[in-house]
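In the numbering used here, the protein residues as written are 895 to 1297.
Before any comments, here is the structure.
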Amino acid sequence: MTDLPSFPGFIFKDRPWMRDIIIRILNNAPGALKYCLPVFPGEQGTKPNVLLQSLALHAQGDRNGARTVIEGLSGSRELKVRAHLLQAYYALTDHDWRRALKCTNALSDLAAPDLFGRHSDLKETVIQYQQLIEKAAGGDRPSLHAYRKIRRAGPTAHIVSYPRSGNTFVIECLKYIFDAPSYSRFFADARYFSNTCYDGEDAGVVIIKDHVYRPEYGKEKAVVLVRDGRDSMVSLFHYILSSPEGPEIIATMASFSDFLIWASRYYLFGFWADSIALAIESQEAGARVLFSKYEDFHNNPQEILRLGEYIAPDHIVRRDAAGMLACAASLKEKLKDVPEWGFSGSSSARTFSSWSANRGGSNWRDIFDADARRTFHELGGTEFLIRFGYETDPDWWRQDPVG
895 MTDLPSFPGF IFKDRPWMRD IIIRILNNAP GALKYCLPVF PGEQGTKPNV
945 LLQSLALHAQ GDRNGARTVI EGLSGSRELK VRAHLLQAYY ALTDHDWRRA
995 LKCTNALSDL AAPDLFGRHS DLKETVIQYQ QLIEKAAGGD RPSLHAYRKI
1045 RRAGPTAHIV SYPRSGNTFV IECLKYIFDA PSYSRFFADA RYFSNTCYDG
1095 EDAGVVIIKD HVYRPEYGKE KAVVLVRDGR DSMVSLFHYI LSSPEGPEII
1145 ATMASFSDFL IWASRYYLFG FWADSIALAI ESQEAGARVL FSKYEDFHNN
1195 PQEILRLGEY IAPDHIVRRD AAGMLACAAS LKEKLKDVPE WGFSGSSSAR
1245 TFSSWSANRG GSNWRDIFDA DARRTFHELG GTEFLIRFGY ETDPDWWRQD
1295 PVG
């Protein structure tokens, strides 16, 4: 028996009149609501668009002076999110998994990252819906379903990196040069990619974000992005501390060394070196893996083009450096008000200050004391620092870093 989705209460958030409208529609025509789903510009609808018109006409604060219902909807991002959420709900109740996934992906495009950051209930609802989609579409054994081979007509590219190592930036640039959609392996992390609910006949490039190399990639190409693991761990600390549950996690630690040990034992993706080791082992076993360093691709259009040529050279539609740099600037602007991304101030500065002998800053040299350097080394980090050119001396961890 399929689990039923909870009704998306977010569509009524701060707008009690919406509930009144929907109740009125249901009272006048029981069962009509599911056939009155919103229709957006460019889409065709076969049923009366009652709900869309009611919501748009009553949302005076959202219309921004629009002259028509469609203009009012086009100018209201939150209204679109609410409408997609309602569509997803009824698609799930109808067991139309592909349509439900399309709706949740569409609203994730609209909502992330700022609306998700401001409305935790919205993100929780999206996560629940996407989990229901995978469970229902994949049967009762999702662990086996997760390794189902993906069969698409077009190139499927997996962009993999340990968290805080640049894959969000690279994906934005690849989307630009391929004019292609991107997805994620994680629920509610932008657009979710389902192993079942995808268009197998799509001949275009699809870009999928991941944080660990997976065996089911098979012969599909993967780009593995590598950043100095010490910088990645510092950035990860910022990210976790700025998350809702972060302060409680960090409160149990007395030093950055404790954080490194915690990550190796309890963090979803483990320690930095574990992630890198898995990708290298996969490449040595014959997997199609291309490595790219953070310093090489960051604000470097030529490296982005190199990655594009590796993924699908015949599918590249844009090669201009200015466009790629504009993508990077636009991404930073979108994320500047999301604390986890570190572009705005956060409470982490106070913790770093006490952990780094009041030297301040977020460069790893300011954070890694002798204990942290030793722990990083003992967890296996030195081997990969040397392999990717971040260190030449295997005893770096014994020395106090300079500047």
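The beta carbon of each residue, even a glycine, is placed where N, CA and C say it ideally should be.
The structure presented is a predicted model; accordingly, all values stated were derived computationally and were not measured.
Burial of serine 1186 is indicated by the presence of at least 16 other C-beta atoms within 10 angstroms of its C-beta. Between valine 1183 and alanine 1171, the C-beta spacing is not below 8 Å. With a 10 Å radius around the Cβ and a threshold of 16 neighbouring Cβ atoms, glutamate 1028 comes out buried. For the pair of segments examined, the region 1197-1205 was found not to touch the region 1125-1138: the number of CB pairs separated by less than 8 Å stays below three.
Residue Arg1124 holds the alpha-carbon nearest to the alpha-carbon of phenylalanine 1282 among Arg1124, Arg1212, Lys1103 and Pro1295.
Residue state for threonine 998 is assigned as helix, using DSSP reduced to three classes. Rounded to whole angstroms, the gap between the alpha carbons of valine 1099 and serine 1176 is 23 Å. Residue burial is scored here from C-beta neighbours: aspartate 1260 has at least 16 other C-beta atoms within 10 angstroms and is therefore classed as buried. Taking 8 Å as the cut-off, the beta carbon of valine 1020 is found closer than this to the beta carbon of threonine 998. Around the beta-carbon of aspartate 1287, fewer than 16 other beta-carbon atoms lie within 10 Å, marking it exposed. With contacts defined by Cβ atoms closer than 8 Å, glycine 1060 and alanine 1167 do not form a contacting pair.
For glycine 1180, the closest C-alpha among the options Lys1113, Phe1270, Gln1196 and Ala1157 is that of Lys1113. In terms of Cα proximity to lysine 1103, the closest of Asp1073, Val1064 and Glu1110 is Val1064. A contact between stretches requires three or more CB pairs, one per stretch, nearer than 8 Å, and the region 1064-1081 meets this requirement with the region 1208-1215. Take the alpha-carbon of tyrosine 1086 and the one of leucine 1154: they are about 29 Å apart. In terms of CA proximity to serine 1151, Ala1264 leads the group Ala1222, Val1117, Ala1264 and Asp1208. The three-state reading of DSSP puts threonine 1090 in coil, since its state is none of H, G, I, E or B. A residue is called buried when at least 16 other Cβ atoms come within 10 angstroms of its Cβ; glycine 1140 meets this threshold and is buried. In the same chain as phenylalanine 1278, and ignoring 5 residues on each side of it, the C-beta atoms closer than 6 Å to its own belong to Ala1167 and Ile1170, in chain order. The beta carbon of isoleucine 1280 is closer than 8 Å to those of Thr1286 and Pro1288 in its chain, skipping five residues each way along the sequence. Annotation for phenylalanine 1270: the continuous alpha helix (DSSP H) segment containing it runs 1264-1272. Residue Pro1057 holds the alpha-carbon nearest to the alpha-carbon of leucine 1162 among Asp1008, Gln1024, Tyr1188 and Pro1057. When beta bridges are read from the DSSP output, leucine 1184 appears opposite Val1117. A straight line joining the alpha-carbon of proline 1049 with that of glutamine 1293 spans about 46 Å. The Cβ atoms of leucine 995 and serine 1136 do not sit closer than 8 Å to each other.
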